[in-house]
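K.L.:
4 protein chains.
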Amino acid sequence: MTEHVGFIGLGNMGQPMASNLIEAGYTLKVYNRTPEKAEPLVKRGAKLVSHPQEVAEPGGIVITMLSNDEVVADIVSEETGMLPRLGSGGIHVSMSTLAPATAHQLAEHHQQHGVTYIAAPVFGPPEAAAARKLWIYLSGSQAAKERVQPLMEALGQGVFDFGEEVGAANVVKLAGNFLLGAAIEAMAEAFAFAEKNGIERTKIADTIAHTLFACPAYERYGKLIAQHNHETAYLKLFLGLKDNDLVLQTAAASKTPMPIASMLHDRFISAIAKGRADLDWTALSLGASEDAGLSIKGGE
Amino acid sequence: MTEHVGFIGLGNMGQPMASNLIEAGYTLKVYNRTPEKAEPLVKRGAKLVSHPQEVAEPGGIVITMLSNDEVVADIVSEETGMLPRLGSGGIHVSMSTLAPATAHQLAEHHQQHGVTYIAAPVFGPPEAAAARKLWIYLSGSQAAKERVQPLMEALGQGVFDFGEEVGAANVVKLAGNFLLGAAIEAMAEAFAFAEKNGIERTKIADTIAHTLFACPAYERYGKLIAQHNHETAYLKLFLGLKDNDLVLQTAAASKTPMPIASMLHDRFISAIAKGRADLDWTALSLGASEDAGLSIKGGE
Amino acid sequence: MTEHVGFIGLGNMGQPMASNLIEAGYTLKVYNRTPEKAEPLVKRGAKLVSHPQEVAEPGGIVITMLSNDEVVADIVSEETGMLPRLGSGGIHVSMSTLAPATAHQLAEHHQQHGVTYIAAPVFGPPEAAAARKLWIYLSGSQAAKERVQPLMEALGQGVFDFGEEVGAANVVKLAGNFLLGAAIEAMAEAFAFAEKNGIERTKIADTIAHTLFACPAYERYGKLIAQHNHETAYLKLFLGLKDNDLVLQTAAASKTPMPIASMLHDRFISAIAKGRADLDWTALSLGASEDAGLSIKGGE
Amino acid sequence: MTEHVGFIGLGNMGQPMASNLIEAGYTLKVYNRTPEKAEPLVKRGAKLVSHPQEVAEPGGIVITMLSNDEVVADIVSEETGMLPRLGSGGIHVSMSTLAPATAHQLAEHHQQHGVTYIAAPVFGPPEAAAARKLWIYLSGSQAAKERVQPLMEALGQGVFDFGEEVGAANVVKLAGNFLLGAAIEAMAEAFAFAEKNGIERTKIADTIAHTLFACPAYERYGKLIAQHNHETAYLKLFLGLKDNDLVLQTAAASKTPMPIASMLHDRFISAIAKGRADLDWTALSLGASEDAGLSIKGGE
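Chains as they are written, first to last, in our numbering: chain A, 51 to 350; chain B, 51 to 350; chain C, 51 to 350; chain D, 51 to 350.
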């Protein structure tokens, strides 16, 4: 394969994703603020560079998997020089969960350097990333999407195209995040209700996950919520708040009231006030149990 | 088969259920307030009786599939004489969605006549009933549950046992209903959010139903909500309110705050105030669209 | 004064009210389930009777100040014989906080005995009752209201007439109770917000009560909420829940969504789950502080 | 009086305030982006200047009454040169509703120029400003507060001191705004409830304003809400949303969940989605009526 691919952001999602690209035959240049995280990839043939600019080849592809809007904006700022080097014909595939408004700003900024910005946010936990089981939502220029399609297929089990409006994939990703949060709160209330009426939490979680709600969201989260098992943070609670804030900001900008998102906001804030910022975001389910006067047993 | 089985309540759920019992080889006596609905069953060999009492054979089994707590209580009241006739060794399998408190009262009342009361609420729309695809939640006396097990298997694709506490299955059923309602409201908000940000409603509904939420609840309801298609009422909205009221009453009795159930209550009341009592209960999703200033196109 | 006046219900409201009627020159017959409470009134000339029926004189007036709908219904049931004795030309002035629906039923039932039922719910704590500072809301037959007007003036500082529709005064009373509950929750949130931003709770309570919210509701409740002082129960929290349930039932019957009433419901249920049923209902304000991770100092 | 006083921001609040300072004997230099608004003040002796910098005298006092955080930040930015000119010994009295966080940033920035920043947000509509009936909340350096005290007394009926922490007055002001918003929503629900139960909206508004809620907030807003009279905008709805956003941001930063503020947020967004951004902010009360299926008659 002749594509020059740069990869920035080797966290618990980025690392297995980069690894799958190597597996698929791509030669990668990788950059991470903490270079130690690149070691496993370097052993498998990736070239570690010491500056964001160096991951880019003129006209090549750069993929970013970073934690938030600000970090992405910093990486493509004038200071790093990454965009001028990527230049005309280059593509930036931005796979983080960002606000659609950020996507619009970034796309315009990229265009000034001849670079095409593609939004490609993903769904799935780190294990799904490792197993090439991510779901990827794409939006942006048709030609660029076609060119990156093979890379996306090397990363996920399904690619969903939301057209040329560059923020569209971000909208759908935020809506998906919101639906997950709503499901967490709903299960939190349902399980507290069941527990107070004499039903074992794990029994009801198991039942719904084998009947009406036999899908990843309820299977996976249902078990964690039933067991109050929030120590292993797939998505840290304070980052879950960040994503929910993006939902609320985008909702406000588009004049859409979202009462469940507002309720989740209050649950997040309360959880952080109680010292749970670094637990998994499913820990926002503890609120419903505490409000019901239940003592929390289990993983907390 | 030597079981004498009576069946009361031949609505759009009861009728296909009774039909499946005939199919499985049971000889049925059936009763319905409106006897015309029994015709298709009579053609297939069921015996139509003109009084609830007559469906019962001493020591036999009676199944009820009725619309609410009051109707079930009426059927087993002293006036009908059904329980004395069913008598010692008899079993009443109550498959409606009732309050756990009602189950407790009925069980005690049945015991005075030597009859065992079993709670067996079901999940699934009429088509699932017809296709033997119901999910059945069971609770009550172990011996009685074992005796009715073959009948339950003739009706559904899965039977879940919640122990001997007779109201337990009702608790789980109410929790399941609540989770469905919460999913409806969450999708209503998510789709309004997507629509206001330029995404087609059916596109996002389809995407989530093929990824994180690939389960009956989101597939089935997601499509109806995306299309504003609420004319065909699988569960009429005013009956959905009744079920949500059972959730809230049971929650209050067990001292469990359920903020999403409270929010759903307000959505139900608003929908009824706007004349939607007889639409499908997914019509409560229209509230989120109207709050966002969207005009409703589609099935309404 | 020639009016024969009976008074039933000598709790912490009824007692000072009956006392004021004696003060105004009325000869009272009084009844209370626990007769000991009548002693101070007997010393001042009231006649204690041992059965509800005996407070009534044919064509006279009976005032009730009882704890809830059921107790009032019991007092006027066929068993007590109170209504037949009161009979044609008699008036029952019902001063408790009842559902408008109850008022309608009672009015119809009274009519069968020729008795006129008047709704006269009151606002004010026991001290206000003692000081003749109650506010009284009246509804029902015009002639009957005119006849009882002097008694009402002996009890309160203001009488507000809501017309002949007998449940109207109850509607306004419930709306007033709801506004108080909403103000309690709003102050709970505002004071938690202030406290977490370095402002003393009593300082902000004092400021608002001297400016925009210089009215009894905010002055009185604001101080209690700021100090977490809920031991002395003017209205026990579980009775506050009862009143809020009347609001929600009346709202549902009239198809009125009331999201703040629903939120208050959840706060009440949570407070009761945490063992606060017998504290003053302002204790529902503790929820907002706990959600913010604040430790509660003060009266609790 | 020897104080040199500059005044920036001559909107419907600033204009009567500046006028009262002239009335009290102060010589004012005034600045407004739209200079025409200064005319009535110029006629009474104020000196209109054409640049923010020119309102300041070294060591003098500058008062600002501007629409939001950004506009205040702009006025004191390096570009205007206002702070260097005001210089050591100078005081800036900032009377707008700002975030406490903004107050902290501004105070630090002012200090670099030797200027003392005082927060002095006000409560009251334009008529109250004209009638010297504002309530003023003060926080910041003790010496500076003492120096500006006479000016504050020329503007309002009461000055409340919240200590030397400069953001404190802003916190209390935001809490007050929140309480007003909560009262608006509570009355909106209560009046819809009353209306649906046959009570006239103006009758209940009048009753509560003469009893438990006999205070400016309920008197003034209650009448507007009862009449659906929102054409004359004392505070435009979109500015009310801005203030509520400041509440939510400050609450989030201090980890305080505020469910009623979140609910108000959704009401604001919905009102704007329905085209009500420029109505008075009491128009958010229309949501409760519409949810109840009521047709809105009156001022809208």
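Here a beta-carbon is modelled for each residue, glycine too, at the ideal position from N, C-alpha and C.
All figures in this text were calculated on a predicted structure; none of them were measured in a lab.
1. Check the Cβ of residue 57/C against every Cβ in chain E and list those closer than 7 Å, keeping chain order.
2. With residue 221/D as the anchor, note down where its alpha helix (DSSP H) starts and where it stops.
3. Following the continuous alpha helix (DSSP H) through residue 162/B, name the residue where it begins and the one where it ends.
4. Using 8 Å as the limit for Cβ to Cβ distance, is residue 342/D near chain B?
5. Report the start-end ranges of each alpha helix (DSSP H) in the segment 140 to 174 of chain B that is 4 residues or longer and not cut off at the edges.
6. Pick out whichever of 324/C, 144/C and 248/C has its Cα sitting closest to the Cα of residue 305/D.
7. Quick one, are the C-beta atoms of residue 21/B and residue 265/A less than 8 Å apart?
8. Taking contact to mean 3 or more Cβ pairs, one atom from each stretch, closer than 8 Å, check whether the segment 233 to 251 of chain D and the segment 213 to 220 of chain C are in contact.
9. So, for residue 322/B: in the same chain, excluding its five sequence neighbours on each side, which residues have a beta-carbon less than 8 Å away from its beta-carbon?
10. Given a cut-off of 8 Å, decide if residue 68/D and residue 91/D are closer than it, judged by their beta-carbon atoms.
11. Can you give me the C-alpha to C-alpha distance between residue 117/A and residue 147/A, rounded to a whole angstrom?
12. Tell me where the beta strand (DSSP E) around residue 81/A begins and ends.
13. Nearest chain C C-beta to residue 313/D closer than 8 Å, yes or no?
14. Using a 10 Å radius around the Cβ and a threshold of 16 neighbouring Cβ atoms, would you call residue 320/D buried or exposed?
15. Quick check: the Cα distance between residue 329/D and residue 282/D, rounded to an integer number of angstroms?
16. Could you tell me the alpha carbon to alpha carbon distance between residue 87/A and residue 98/A, rounded to whole angstroms?
17. Could you spell out the range, first to last residue, of the alpha helix (DSSP H) harbouring residue 271/B?
18. CB-CB under 6 Å to residue 208/A, same chain, minus the five flanking residues each way: which ones, in chain order?
19. Put residue 318/C into one of helix, strand or coil per three-state DSSP.
20. In three-state DSSP terms, what is residue 312/C?
21. Could you give the C-beta distance for residue 204/A and residue 168/A, rounded to a whole number, given that I count them as a contact under 8 Å?
22. When we look at the beta-carbon of residue 101/A and count the other beta-carbons within 10 Å, is it buried (16 or more) or exposed?
23. Are the CB atoms of residue 113/A and residue 57/A nearer to each other than 8 Å?
24. Using a Cβ cut-off of 8 Å (strictly closer), state whether residue 223/C contacts chain A.
25. Are residue 199/D and residue 214/D touching if we call contact CB-CB under 8 Å?
26. Could you check where the alpha helix (DSSP H) with residue 297/A kicks off and where it finishes?
27. Excluding sequence positions up to five away, which residues of its chain have a Cβ less than 6 Å from the Cβ of residue 263/A?
28. In the DSSP assignment, find the alpha helix (DSSP H) that holds residue 103/C and state where it starts and stops.
29. Using alpha carbons as the reference points, say which of 138/D, 119/D, 242/D and 132/D lies closest to residue 155/D.
30. Take every Cβ of the segment 306 to 315 of chain A, pair it with every Cβ of the segment 223 to 241 of chain A, and state whether three or more of those distances are shorter than 8 Å.
31. Compare the C-alpha of residue 133/C against each of 110/C, 327/C and 149/C and name the closest.
32. Do you know how far the Cα of residue 77/C is from the Cα of residue 53/C?
33. Taking the C-alpha atoms as reference points, what is the distance between residue 302/A and residue 222/A?
34. Mapping DSSP to helix, strand and coil, what is residue 346/C?
35. In its own chain, which residues sit with a C-beta less than 7 Å from the C-beta of residue 349/D, not counting the 5 before and 5 after it?
P.N.:
Checking against the coordinates, here is how it stands:
1. The question asks about chain E, but that chain is absent: this structure's protein chains are A, B, C and D.
2. 218 to 246
3. Element bounds for residue 162/B: n/a, residue is neither H nor E.
4. yes
5. 150 to 161
6. 248/C
7. It is not possible to answer for residue 21/B, since the shown part of chain B is limited to 51 through 350.
8. yes
9. 287, 288 and 291
10. yes
11. Spanning the two alpha carbons is a distance of roughly 8 Å.
12. In the DSSP assignment, residue 81/A falls within the unbroken beta strand (DSSP E) covering 78 to 81.
13. yes
14. buried
15. 7 Å
16. Going from the Cα of residue 87/A to the Cα of residue 98/A covers about 10 Å.
17. 266 to 276 is the extent of the alpha helix (DSSP H) around residue 271/B.
18. 185
19. helix
20. helix
21. In fact, because the Cβ distance is near 15 Å, the residues do not count as touching under 8 Å.
22. exposed
23. In this structure, residue 57/A lies closer than 8 Å to residue 113/A by Cβ.
24. no
25. no
26. 287 to 303
27. none
28. It is not in any alpha helix (DSSP H) - residue 103/C carries neither H nor E in the DSSP assignment.
29. 119/D
30. yes
31. 110/C
32. 8 Å
33. 16 Å
34. Coil, per DSSP.
35. With a pLDDT of only 47 at residue 349/D, under 50, the local geometry of the prediction cannot be trusted, and the value read off the model is given with reservation. Here the set comprises 277, 278, 279, 280 and 281.
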